[in-house]
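Contents: one structure, followed by commentary.
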Amino acid sequence: MYLSNTKTIVFISGAFVSHFYWEEWIVFFENKGYKVVAPPWLHKNDSAENLRKQNPCVKIGSIRLFDLLCYYTEVIEKLPEKPILVGHSYGGLLVQLLVQKNLAEAGICINSFPPKGFTSLKFSFYKIILDFSCDIFSSKKTFILSFENWKNIFFNIASIQEQKAEYDKFIIP
């Protein structure tokens, strides 16, 4: 097993969840002595409520994978050491690509979006894609995950009250 000496962690959120989603993770790892950063995506440095009010937002809708790779490369290169990267969903895909560029000490992907050429064989993956593919793949259009998809896909073990509170706090275009 490989043990890292790095003390820096960078959290990268997925496309539909605010970077504030990492709040409890940040506290946990800071209490363990790590320096932790969870930068927002490009044009998403605001509360979930304010970002939803701005929807549709051309700036957000114009973000492409290359833009995010350049952005997170800049963030990482400003750090004093190669970090451990942790990404969820689309953030997991970014982690894979950043590790491939040798910008990280290690990478951890949580339910990573698959890279080109790979896909899931699970029906649930295709159901999710079909539910919003007409919106998500249109050029320069923003998309907000519906509460129904949020509670079924991401937060299905909590009470309806918890699901709603978390949706309102974290879901962004």
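Numbering (my numbering), first residue to last: 1 to 173. Note that beta-carbon positions come from the ideal geometry of N, C-alpha and C, so glycine has one too.
Continuous beta strand (DSSP E) stretch holding residue i: start and end
{"i": "L85", "result": "I84 to H88"}
{"i": "I108", "result": "A106 to I110"}
{"i": "F170", "result": "Taken as a continuous stretch (DSSP letters only), F170 belongs to no beta strand (DSSP E), being part of the alpha helix (DSSP H) at I160 to F170."}
{"i": "K35", "result": "K35 to V37"}
Same chain, Cβ closer than 7 angstroms to residue i, five either side skipped, listed in chain order
{"i": "L103", "result": "T73, I76 and K82"}
{"i": "W25", "result": "F11"}
{"i": "Y90", "result": "G14, A15 and F113"}
{"i": "L97", "result": "L69"}
Residues near residue i by beta carbon distance below 8 angstroms, same chain, minus five either side
{"i": "I63", "result": "W41, L42 and H43"}
{"i": "E57", "result": "The identity of residue 57 in the sequence shown is Cys, whereas the question assumes Glu. Hits under 8 angstroms: H43, L51, T142 and P173."}
{"i": "V99", "result": "L85, A106 and G107"}
Where the alpha helix (DSSP H) containing residue i begins and where it ends
{"i": "V58", "result": "V58 to G61"}
{"i": "I26", "result": "E23 to N31"}
{"i": "I76", "result": "L65 to E77"}
Option nearest residue i by Cα separation, candidates the options
{"i": "K101", "options": "E162, L85, S112 and I110", "result": "L85"}
{"i": "D168", "options": "P39, L94, Y21 and A106", "result": "Y21"}
{"i": "T6", "options": "G14, F28, I12 and V36", "result": "V36"}
{"i": "S110", "options": "A48, I160 and H88", "result": "The sequence as given places Ile at residue 110; Ser does not occur at that position. Of the candidates A48, I160 and H88, the one whose C-alpha sits nearest the C-alpha of I110 is H88."}
Residues of its chain near residue i, where Cβ-Cβ distance is below 6 angstroms and the 5 sequence neighbours each way are ignored
{"i": "L145", "result": "F16 and I171"}
{"i": "I59", "result": "The residue asked about is misnamed: residue 59 is Lys in this sequence, not Ile. Hits under 6 angstroms: H43."}
{"i": "V10", "result": "V37, P83 and L85"}
{"i": "Y34", "result": "K7 and I9"}
{"i": "I136", "result": "For I136, the pLDDT reaches just 49, beneath the cut-off of 50, and the residue's location in the model is therefore unreliable, although a value from the coordinates is still provided. Within the same chain, I136 has close Cβ partners F143."}
Assigned secondary structure, residue i (DSSP; H/G/I helix, E/B strand, else coil)
{"i": "K44", "result": "coil"}
{"i": "I9", "result": "strand"}
heavy atom of the ligand GTP below 7 angstroms from residue i C-beta
{"i": "I84", "result": "In the structure on display, the ligand GTP does not appear, and there are no ligands present to speak of."}
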